[in-house]
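Structure record follows, encoded as structure tokens.
Chains as they are written, first to last, in my numbering: chain A, 353 to 733; chain B, 353 to 733.
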């Protein structure tokens, strides 16, 4: 029932994800900050560090040990995924009826004699954290200031291969459903067919709930597919992605059902030019704000300035929206092997919108396209 | 392209969701607790209170006003969904580059002259909360102790209709894919077909990532569908649900590919008996722990006691796992119009598992089934 793709599946296995390097880098940061242990609450970070892809789990790292605390529902999965020579995790199965999470953490922190402890303040609720802290009165806790998120901005070769594979699946799925992008199809029908085609090609679910709007609804940057049916002359905005081994793609294409009006064409040309202006700035060492400014200059010089969406793009990887967030207030510099989206858009309420989004890999001297779907604007209907 | 279902779509519209009552109940709780305002961070609660189904939004309620703070991406959606006579929301569009969330909240709290403020400590990260609190030094904040989650346990007629519609979609989708549950099909292929059939029938995405395991993998309570193919004699555990207007269903069925062995039959009969024992306790006013004890007594008296999963079920609604959580330590009493799952299971590592799960509506004198798919254990292959 699976559909053949042209994906080279070898690229998904070789090279390996660099787990030892990731753990080493975290321990270096901990040592520099004088921390005995780090408490991890982000499932994305557990995947990055320990290869864990389940739910309901918490991590604890010291200079000598690495723990994953989960419960019976995910025990076998954790044992399969997180225990190997390259990923030396101790998996703890907690009986949630008999031990709260704070007590389980206290038990490990005492064994490890950890006093100064980092915790991921971005990834734990106030209520859960208060319940953990009260069980650990002898620890000195400090927010870890997104240490793993900093690491994750730079993708290794294995990670880049996964994102490329996800993008290729999305490219192929879009090509497969283009014949169905005809007058009369509904947003929900087309989005479902696209999601199905991505998963047929090996996407694990979808990168995010597919965004698809026809006509005036294309002006909604996060349009939820409805029963609205495509009419001749409608703008179409389609934003979607696939997932391979936990890594996501994210692409937007805009179309017009038939021949475009002068205004529609002008919107498309303006957004295309804004994206191109940003592309020309991309290379390692450039301030992200400079790419944003280049796109913004094109949008602001157009008659549609007031309808331009703020922000240019975002990092992409295990999470759909990762650092760096490329906007007018971004203080980051693009670096080699960052993967980011470039997605300028114009949204005219009650009329329609145009957004074009590609994923790119930042290289020493420029960038490489990760998304490849054609950008034909006018559909033959 | 949509498939006809037998769902009476009128039931989805009439009666209406009781938004005024929900807001009134929250304001009563606030008044009783002497709170001037409540800060809401749970998207589920924003949906429940304001009909908002987007992302990236925050709520603020006083005795006289109700606010939703979002940004340009969700502005039009918020205006459509959250502003009506019955849902008197003021929608605020925040420019995230110019105003942080804490400042936007401070502006409203000052207009509303609110000093004593509830906040949803379960639904905001430590990092975000610290950033909000620092902008609001004159407020006295208190955790709101899940006031809306308490309300949400009791479903109104409209909510019950949505859950029933979701369950019916799931029942019909399962019936549609049963012919494909044949030797040679892979877990991933079958799960994808099931998800597709649910969405064809109107499910908005799926209730949760479909759980499907063949053979020994059926012992994983949260098995992620893999490329493993069905073999004759395999146990099959299939756990899935649909979503209608934000409300979820959740059902598990277990099968055997062909004729069962005595052990397989014994597992199925034990789980069936445990579920039946729990059913017999269900009615308004009963301690949830008593239903759990009835099922546990059957499981514990069997030769498979050590392999029984802890816990019996959970509330179900906007969220997949809601209060009450029915386990040995549950302190709640079941009440009329609670919707809960009843899902005993036995999981034998490296052998296989059986789980049977139904959604039920608690009534004055008993309960009503919401899920209806047949429980035929042996498949004709």
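For every residue, glycine included, the Cβ atom is placed at its ideal position computed from N, Cα and C.
Straight-line gap, residue i to residue j (C-alpha atoms, nearest Å)
i: residue 680 of chain B; j: residue 459 of chain A; result: 24 Å
i: residue 479 of chain B; j: residue 421 of chain A; result: 22 Å
i: residue 503 of chain B; j: residue 650 of chain B; result: 33 Å
i: residue 462 of chain B; j: residue 530 of chain A; result: 52 Å
i: residue 385 of chain B; j: residue 492 of chain B; result: 13 Å
i: residue 467 of chain B; j: residue 410 of chain A; result: 36 Å
i: residue 701 of chain A; j: residue 452 of chain A; result: 50 Å
i: residue 418 of chain B; j: residue 435 of chain B; result: 10 Å
i: residue 626 of chain B; j: residue 429 of chain B; result: 46 Å
i: residue 486 of chain B; j: residue 454 of chain B; result: 8 Å
i: residue 471 of chain B; j: residue 373 of chain B; result: 21 Å
i: residue 613 of chain B; j: residue 583 of chain B; result: 14 Å
i: residue 689 of chain A; j: residue 726 of chain A; result: 24 Å
i: residue 567 of chain A; j: residue 608 of chain A; result: 9 Å
i: residue 511 of chain B; j: residue 669 of chain B; result: 8 Å
i: residue 730 of chain B; j: residue 663 of chain A; result: 56 Å
i: residue 456 of chain B; j: residue 426 of chain A; result: 40 Å
i: residue 398 of chain A; j: residue 477 of chain A; result: 17 Å
i: residue 368 of chain B; j: residue 675 of chain B; result: 23 Å
i: residue 579 of chain B; j: residue 534 of chain B; result: 14 Å
i: residue 673 of chain A; j: residue 443 of chain B; result: 25 Å
i: residue 388 of chain B; j: residue 655 of chain A; result: 45 Å
i: residue 605 of chain B; j: residue 710 of chain B; result: 9 Å
i: residue 712 of chain B; j: residue 720 of chain B; result: 5 Å
i: residue 371 of chain A; j: residue 628 of chain A; result: 36 Å
Identified DSSP bridge partners for residue i
i: residue 506 of chain A; result: A/690
i: residue 440 of chain B; result: B/435
i: residue 565 of chain A; result: A/589
i: residue 493 of chain A; result: A/469
i: residue 651 of chain A; result: Answer by DSSP bridge pairing: none, since residue 651 of chain A is not bridged.
i: residue 538 of chain B; result: B/581
i: residue 699 of chain B; result: B/705
i: residue 710 of chain B; result: B/694
i: residue 383 of chain A; result: Residue 383 of chain A is not bridged to any residue.
i: residue 677 of chain B; result: B/666
i: residue 660 of chain B; result: B/698
i: residue 639 of chain A; result: A/685
i: residue 595 of chain B; result: B/600
Element boundaries [alpha helix (DSSP H), containing residue i]
i: residue 454 of chain A; result: 453-463
i: residue 673 of chain B; result: First-last for residue 673 of chain B: undefined, no H or E at that position.
i: residue 622 of chain B; result: 614-633
i: residue 400 of chain A; result: 395-402
i: residue 420 of chain A; result: Looking at the DSSP string, residue 420 of chain A is not in any alpha helix (DSSP H); the run it does join, the beta strand (DSSP E), is 418-422.
i: residue 483 of chain A; result: 478-486
For residue j and residue i, believed in contact at Cβ under 8 Å, the rounded distance
i: residue 403 of chain A; j: residue 437 of chain A; result: The Cβ separation is near 12 Å, so there is no contact.
i: residue 722 of chain B; j: residue 527 of chain B; result: No, residue 722 of chain B and residue 527 of chain B are not in contact; Cβ-Cβ is about 16 Å, not under 8 Å.
i: residue 698 of chain B; j: residue 706 of chain B; result: 5 Å
i: residue 665 of chain B; j: residue 641 of chain B; result: At roughly 12 Å, the Cβ-Cβ gap does not stay under 8 Å, so residue 665 of chain B and residue 641 of chain B are not in contact.
i: residue 632 of chain A; j: residue 646 of chain A; result: 7 Å
i: residue 523 of chain A; j: residue 724 of chain A; result: 5 Å
Beta strand (DSSP E) segment containing residue i, residue limits
i: residue 412 of chain A; result: 410-414
i: residue 606 of chain A; result: 603-608
i: residue 720 of chain B; result: 719-721
i: residue 572 of chain B; result: Per DSSP, residue 572 of chain B belongs to no beta strand (DSSP E) and is neither H nor E.
i: residue 733 of chain B; result: First-last for residue 733 of chain B: undefined, no H or E at that position.
i: residue 392 of chain B; result: 389-392
Cutoff 8 Å: residue i Cβ touching any chain C Cβ
i: residue 664 of chain A; result: Among the protein chains of the structure shown, namely A and B, there is no chain C.
The ligand FAD heavy atom lying under 7 Å from the CB of residue i
i: residue 422 of chain B; result: Absence of the ligand FAD from the depicted structure is noted, as is the absence of any ligand whatsoever, leaving it without description.
Touch test, the segment 535-542 of chain B against the segment 381-393 of chain A, Cβ-Cβ under 8 Å, three pairs minimum: At 8 Å Cβ cutoff, the stretches do not touch.
Taking 8 Å as the threshold, find out whether the segment 716-726 of chain B comes into contact with the segment 632-643 of chain B through three or more Cβ pairs. Yes, they touch.
If we count Cβ pairs, one from each stretch, closer than 8 Å, do we get three or more for the segment 589-600 of chain A versus the segment 511-519 of chain A? When C-beta atoms of the segment 589-600 of chain A are compared with those of the segment 511-519 of chain A, three or more pairs fall below 8 Å, so the two segments count as touching.
Just checking, does the segment 582-594 of chain B make contact with the segment 549-565 of chain B on the three C-beta pairs under 8 Å criterion? Counting Cβ pairs under 8 Å, three or more are found: they touch.
Using 8 Å as the cut-off, can you tell me whether the segment 575-590 of chain A makes contact with the segment 608-621 of chain A, which would need three or more C-beta pairs spanning the two stretches below that distance? With a cut-off of 8 Å, the segment 608-621 of chain A and the segment 575-590 of chain A count as touching, because enough Cβ pairs lie within range.
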